Amino acid sequence: MFEKVELIYIIVSAIIPILYLIRFATYKTKKKKQYGRAFIIAFLIFFILIFLGAAFKLVYENVGNKNVKDETTTTKTVETTESTTTTTVTKTTKVTTKASSYNYEKILAPTGGDIIGKSSKGYDIKVVDGLYYVDGLLIANKTYDLPDNYNPGSLNVTVKAAADKMFAAAKSEKGFNMWAQSGFRSYDTQKNLYNKYKNRDGQAEADKYSARPGYSEHQTGLAFDVCATNKPCITNGFDNTPEANWLSENAYKYGFILRYVKGKENETGYMHESWHFRYVGTELAEKLYNNGNWITLESYLGITSEYGGNKA
Ligand SMILES: [Zn+2]
27 MFEKVELIYI IVSAIIPILY LIRFATYKTK KKKQYGRAFI IAFLIFFILI
77 FLGAAFKLVY ENVGNKNVKD ETTTTKTVET TESTTTTTVT KTTKVTTKAS
127 SYNYEKILAP TGGDIIGKSS KGYDIKVVDG LYYVDGLLIA NKTYDLPDNY
177 NPGSLNVTVK AAADKMFAAA KSEKGFNMWA QSGFRSYDTQ KNLYNKYKNR
227 DGQAEADKYS ARPGYSEHQT GLAFDVCATN KPCITNGFDN TPEANWLSEN
277 AYKYGFILRY VKGKENETGY MHESWHFRYV GTELAEKLYN NGNWITLESY
327 LGITSEYGGN KA
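Residue numbering for the sequence shown follows this note's numbering, beginning at 27 and increasing consecutively.
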């Protein structure tokens, strides 16, 4: 299928030679008009325009600034919201960018709020509008929940831009087709999802792989689940695929961390998920990547992830 912009380009490419033919037919000349040659010229104009368009698209996509296909997939699958909400998010991000000391890295840290204590590693634990931040990072795990009505509406714009960049790099480096299958999830969406799993597998099992409503990192708009073409999606079958391995080795370059690390279920509170990534900025992501031996966010910050756990 063609994108809207591509379709407009094709139509314009067709209109230009048609206009040329009309001009040719109506042009007054004493010479005998050579319609055959005019048609060939018109066709060549159309062909050249389409060729240039295709070449431009190819170069543009490979540059990696904006993978049109990936972006569309993301927009389609991730629960998006009305443009008004998106505008608000953009504005908030811009303000935060100015306020933070090292812009892009700590774009998510708010100013103000109350410090309620320190983590076991000595980081400030702060509450702003019912949201918990440890060392300026918004935390959603089994200890730290989010207000029911906290609803950014979609993936954070910075996170989405970084994800698009990462997926474009995976495409150009390895030819992988990956996208954020599940990004932002509202409290109610998570409630339905968790209850479905609870009814199917029981609470103890469901708690291993699904967050209770209000405890999901997906509700922050900073995390997403990745899927790849022709690979098992959001299941253990994705583990150790070339795509999963690439993500584990490269996501940190784009500011993402493998959130639920294998063998560290007691730290994160969740089973290993090779597809779930969370944005923390490139500086912290590189530290947690730890040359391939991922450190969990909980261990790094010195916080727990258990229902009813001590928040400060
Ligand atoms: Zn997830």
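For each residue, glycine too, the CB sits at the ideal point set by N, CA and C. Owing to the predicted nature of the structure, the values given are computational and were not obtained by experimental measurement.
- Between residue 250 and residue 209, the C-beta gap is smaller than 8 Å, which places the two residues in contact.
- At a threshold of 7 Å, residue 180 does not count as near ligand 1, since its beta carbon sits no closer than that to any of the ligand's heavy atoms.
- With fewer than 16 other Cβ atoms inside 10 Å of its own Cβ, residue 49 counts as exposed.
- Rounded to whole angstroms, the gap between the alpha carbons of residue 287 and residue 207 is 20 Å.
- If only complete runs of 3 or more residues are kept, the stretch 194 to 274 shows the beta strand (DSSP E) at 204 to 208, 249 to 254, in order along the chain.
- The beta carbons of residue 166 and residue 243 sit closer together than 8 Å.
- When the alpha-carbon of residue 273 is set against those of 331, 205, 334, 329, the nearest one is in 205.
- Three or more beta-carbon pairs separated by less than 8 Å link the stretch 171 to 184 to the stretch 151 to 160, which places the two stretches in contact.
- DSSP, read as helix, strand or coil, puts residue 279 in helix.
- Taking the C-beta atoms as reference points, residue 281 is found no nearer than 8 Å to residue 168.
- Of the other Cβ atoms in all chains shown, fewer than 16 fall within 10 Å of the Cβ of residue 77; this residue is therefore exposed.
- In the DSSP assignment, the residues bridged to residue 157 are 154.
- In this structure, residue 257 lies near residue 269, with their beta-carbon atoms less than 8 Å apart.
- Between residue 180 and residue 328, the C-beta spacing is not below 8 Å.
- Taking 4 residues as the minimum length, the alpha helix (DSSP H) runs contained wholly in the stretch 288 to 314 are 291 to 294, in order along the chain.
- Excluding the 5 residues flanking it on each side, residue 299 has same chain C-beta neighbours closer than 6 Å at 286, in chain order.
- In its chain, beyond the 5 residues on either side, 151, 153, 338 have a beta carbon closer than 6 Å to the beta carbon of residue 142.
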